[in-house]
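Numbering-wise, the numbering used here puts 1014 at position 72 of the sequence shown, and it's gapless, one number per residue. Note that CB positions come from ideal geometry on N, CA and C, so glycine has one too. All values derive from a computational prediction rather than experimental measurement. First up is the structure itself, then whatever we jot down about it.
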Amino acid sequence: MAIHYCVRVYPNGEAKFTIRDEPGLANWLDYNRKARPGNTLFVDGVLAGPRDIGGLSSHEIEHVSEIIGRELAEGVHDLSRAQETGPQVERYGGITDRWNGYPPENSRSSFKLRNLTPPAGPLGSAP
């Protein structure tokens, strides 16, 4: 079974990651799409899907993909096994939602999007 490096990036460039097997990946995507709108989701360095763009620009998505891809190519992350899963309870305004198979996420270094310069457009203008 494939093991995946999953990253949730907040609009300010801060991020969380987890390592999932196939069923865990499906649960992670479902949870983040429903409970964490506005964040951008990456699986193995690639945008998870067209609805997972969140608050990042196309240039920022490309930047994050390059960093994650480089880290994976260099073997920075241990992908030998998925993180252990178990039930997690999230509380929203007194409402309790249960997400099964959701292990804790880990903080990772920020992608530092604040000072990221977009590529120049035609004749040196910003797009």
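Assignment of residue 1018 by DSSP, reduced to helix, strand and coil, places it in the coil class. Within the region 946-1007, the complete alpha helix (DSSP H) runs of at least 4 residues fall at 964-977. The beta carbons of residue 963 and residue 1024 sit about 4 Å from each other, so the pair counts as a contact at 8 Å. Judged by beta-carbon spacing, residue 1022 lies beyond the 8 Å limit of residue 958, meaning their Cβ atoms are not closer than that value. Nearest neighbour of residue 977 by Cα position, chosen from 961, 965 and 994, turns out to be 994. For residue 1057, there is no enclosing beta strand (DSSP E), as DSSP marks it with neither H nor E. Annotation for residue 990: 971, 983 and 984 place their beta carbon closer than 7 Å to its own, counting only its chain and skipping 5 residues before and after. The alpha-carbon of residue 1013 is positioned some 23 Å away from that of residue 992.
In terms of Cβ geometry, residue 1052 and residue 955 form a close pair [threshold 8 Å]. Residue pairing by DSSP puts residue 1050 in a beta bridge opposite 957.
Counting every other CB atom within 10 Å of its CB across the protein chains shown gives residue 960 a total of 16 or more, marking it as buried. In this structure, residue 988 and residue 1007 form a Cβ contact; the two beta carbons are roughly 6 Å apart against a cut-off of 8 Å.
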